[in-house]
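What follows is a single structure, written as structure tokens, with notes after it.
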Amino acid sequence: MKLTAITGVLLTLCTTSAIAQQSSKPFLFAEKQTEVLLQKTAETKASATKANQFSPRSLNPDSSLNIVAPRDWCAGFFAGNLWQLYEYSGDAKWMDQAKAFTQIMESEKTDGGTHDLGFEIYCSIGNAYRLTHDEHYKAVVIESAKTLCTRFNPIVGCIKSWDNRKWKYPVIIDNMMNLELLFEATKLSGDSSFYKIAVTHANTTMKNHFRADYSSYHVIDYDPETGKVLHKQTAQGYSDESAWARGQAWGLYGYTMCYRETGNKAYLIQAENIAKFILNNPNLPKDLVPYWDYNDPAIPNVPRDVSAAAIMTSALYELSTYSTNGKVYKATADKILSSLNHTYQAPLGADKGFLLLHSTGHKPAGTEIDVPIIYADYYYLEALLRQKHLKQGKPVLNTAGTLKY
6 MKLTAITGVL LTLCTTSAIA QQSSKPFLFA EKQTEVLLQK TAETKASATK
56 ANQFSPRSLN PDSSLNIVAP RDWCAGFFAG NLWQLYEYSG DAKWMDQAKA
106 FTQIMESEKT DGGTHDLGFE IYCSIGNAYR LTHDEHYKAV VIESAKTLCT
156 RFNPIVGCIK SWDNRKWKYP VIIDNMMNLE LLFEATKLSG DSSFYKIAVT
206 HANTTMKNHF RADYSSYHVI DYDPETGKVL HKQTAQGYSD ESAWARGQAW
256 GLYGYTMCYR ETGNKAYLIQ AENIAKFILN NPNLPKDLVP YWDYNDPAIP
306 NVPRDVSAAA IMTSALYELS TYSTNGKVYK ATADKILSSL NHTYQAPLGA
356 DKGFLLLHST GHKPAGTEID VPIIYADYYY LEALLRQKHL KQGKPVLNTA
406 GTLKY
């Protein structure tokens, strides 16, 4: 064999070995990548046009890093990633970085102009309190929940999602994720009003957002004066009657979380039925990482949505601990996580330090298509932690504070 051929074989073997090692040690990979993302974020912030841009969200079409201000709905995820790395490693350097990015998010606690306070505050400050039990973080969570409740209309029975758009009172399936902030606030304050609003929103959404097969619409528009449903559509999906992949994942995660917080078996049944729709869908690929919309007629020649896969995985691990079908859910979550580890990780040191490739943000708007997105990384890390806890025979959630695991 010629020297060049031998060299090529050795390079191939080395590359294959590196990829195998990277995928088999996902947290070590995540730590190394996050060091890159911290560096790239600092460099990008130094040249940002706005002083308050600080948190990485995704990559721009020119492959530059997209960083956003605290008001962006994705701004809290990176702080959450840093807390999760601290939870896994116990390394104080991750806590120090997490505190810095978390502190910047506190300004959102009084922002009544968004329904995304759950994403912004719970993923950052909620994780901070969970792992430190610092009373300051507790106060921020409670104040943020009070702010979120100002968007609740008791006639509609839901928290309003968007302002100043074409709808009268739009509520999106994503909003299920923000209910965790309200449940947490009840536990921290003893004020049951947060709980009651969360349950009312979950019940109204369960009634109006889902089709007979347990797929969900993205947006329900209500009449704020009567509570009547005016229109049902799927704004970020292929069509109004299609099943947008991330929307299905939000629903699965949201109702699993609602069962955890309430013990209401109606929520468990809802989560199981959503899981059935997803996992039995004929357009779900063999590696269980969905296309961006289950009903896009151009499948398989359409983008995947790795963020939907990551959200699903984390939800399925938790659902596996509640359901009689738990063994199937856990095995499915293990399979999806294996796919993410082996096929969808970014190359080490590449893609500005994001962890996962091939997410789809808003395809109809032509934004964030087939790129890494920060919330995919957040739920990926959460899924890795949940898998680790279950392997150790411990509860899927670490809620005791201060690095129980």
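Using our numbering, the first residue of the sequence shown is number 6, and each one after it goes up by one. Quick reminder that beta carbons are idealized off the backbone N, C-alpha and C, glycines included.
Determine the closest residue to residue i out of the options, with distance taken between C-alpha atoms.
{"i": "residue 250", "options": "367, 121 and 94", "result": "367"}
{"i": "residue 351", "options": "215, 311 and 88", "result": "311"}
{"i": "residue 130", "options": "119, 110, 115 and 254", "result": "110"}
{"i": "residue 66", "options": "160, 403 and 372", "result": "372"}
{"i": "residue 150", "options": "125, 170 and 139", "result": "125"}
{"i": "residue 402", "options": "95, 132, 117 and 44", "result": "132"}
{"i": "residue 103", "options": "95, 158, 112 and 86", "result": "86"}
{"i": "residue 188", "options": "266, 347 and 296", "result": "266"}
{"i": "residue 157", "options": "127, 355, 392 and 204", "result": "204"}
{"i": "residue 394", "options": "138, 323 and 181", "result": "323"}
{"i": "residue 145", "options": "118, 169, 120 and 112", "result": "112"}
{"i": "residue 180", "options": "217, 98, 30 and 202", "result": "202"}
{"i": "residue 29", "options": "370, 342 and 285", "result": "342"}
{"i": "residue 118", "options": "99, 101, 78 and 235", "result": "78"}
{"i": "residue 90", "options": "121, 36 and 107", "result": "36"}
{"i": "residue 377", "options": "206, 277 and 38", "result": "38"}
{"i": "residue 336", "options": "52, 31 and 292", "result": "292"}
{"i": "residue 283", "options": "218, 306, 263 and 305", "result": "218"}
{"i": "residue 94", "options": "33, 276 and 140", "result": "33"}
{"i": "residue 331", "options": "139, 281, 206 and 40", "result": "281"}
{"i": "residue 411", "options": "200, 40, 141 and 140", "result": "The first residue shown for the chain is 6 and the last is 410, placing residue 411 beyond what the model contains."}
Since residue i is in the alpha helix (DSSP H), which residue starts that stretch and which ends it?
{"i": "residue 344", "result": "331–344"}
{"i": "residue 222", "result": "That residue, residue 222, is in no alpha helix (DSSP H); it is neither H nor E in DSSP."}
{"i": "residue 161", "result": "Residue 161 -> no alpha helix (DSSP H), and no H or E assigned at all."}
{"i": "residue 31", "result": "31–51"}
{"i": "residue 202", "result": "197–213"}
{"i": "residue 276", "result": "270–284"}
{"i": "residue 251", "result": "250–267"}
{"i": "residue 103", "result": "97–110"}
{"i": "residue 190", "result": "184–194"}
{"i": "residue 382", "result": "379–396"}
{"i": "residue 166", "result": "It is not in any alpha helix (DSSP H) - residue 166 carries neither H nor E in the DSSP assignment."}
{"i": "residue 92", "result": "82–94"}
{"i": "residue 134", "result": "132–137"}
Would you kindly check if the distance between the Cβ of residue j and the Cβ of residue i is under 8 Å?
{"i": "residue 62", "j": "residue 274", "result": "no"}
{"i": "residue 334", "j": "residue 321", "result": "yes"}
{"i": "residue 388", "j": "residue 319", "result": "yes"}
{"i": "residue 316", "j": "residue 258", "result": "yes"}
{"i": "residue 183", "j": "residue 123", "result": "yes"}
{"i": "residue 84", "j": "residue 57", "result": "no"}
{"i": "residue 240", "j": "residue 223", "result": "yes"}
{"i": "residue 298", "j": "residue 248", "result": "yes"}
{"i": "residue 163", "j": "residue 210", "result": "yes"}
{"i": "residue 252", "j": "residue 279", "result": "no"}
{"i": "residue 92", "j": "residue 390", "result": "yes"}
{"i": "residue 143", "j": "residue 193", "result": "yes"}
{"i": "residue 325", "j": "residue 338", "result": "yes"}
{"i": "residue 42", "j": "residue 358", "result": "yes"}
{"i": "residue 134", "j": "residue 185", "result": "no"}
{"i": "residue 363", "j": "residue 384", "result": "no"}
{"i": "residue 260", "j": "residue 300", "result": "no"}
{"i": "residue 287", "j": "residue 314", "result": "no"}
{"i": "residue 225", "j": "residue 190", "result": "no"}
{"i": "residue 375", "j": "residue 365", "result": "yes"}
{"i": "residue 171", "j": "residue 120", "result": "no"}
{"i": "residue 456", "j": "residue 353", "result": "Given that the chain is displayed from residue 6 to residue 410, the structure contains no residue 456 and the question cannot be resolved."}
{"i": "residue 49", "j": "residue 70", "result": "yes"}
{"i": "residue 60", "j": "residue 80", "result": "yes"}
Using the DSSP secondary-structure output, state which residues sit across from residue i in a beta bridge.
{"i": "residue 296", "result": "309"}
{"i": "residue 64", "result": "70"}
{"i": "residue 154", "result": "Answer by DSSP bridge pairing: none, since residue 154 is not bridged."}
{"i": "residue 176", "result": "225"}
{"i": "residue 361", "result": "350"}
If you follow the beta strand (DSSP E) that residue i is in, where does it begin and where does it stop?
{"i": "residue 367", "result": "364–367"}
{"i": "residue 237", "result": "234–238"}
{"i": "residue 373", "result": "372–376"}
Hey, residue i and residue j are a contact pair by Cβ (cut 8 Å); roughly how many whole angstroms apart?
{"i": "residue 88", "j": "residue 136", "result": "6 Å"}
{"i": "residue 152", "j": "residue 115", "result": "6 Å"}
{"i": "residue 245", "j": "residue 173", "result": "Going by Cβ atoms, the distance from residue 245 to residue 173 rounds to 17 Å, so no, they are not a contact pair."}
{"i": "residue 177", "j": "residue 231", "result": "That pair is no contact at about 20 Å."}
For the ligand COA, I want to know if residue i counts as a neighbour, meaning its beta carbon is within less than 7 Å of at least one of the ligand's heavy atoms.
{"i": "residue 356", "result": "For the structure depicted, the ligand COA is absent and the ligand set is empty, with no information on it obtainable."}
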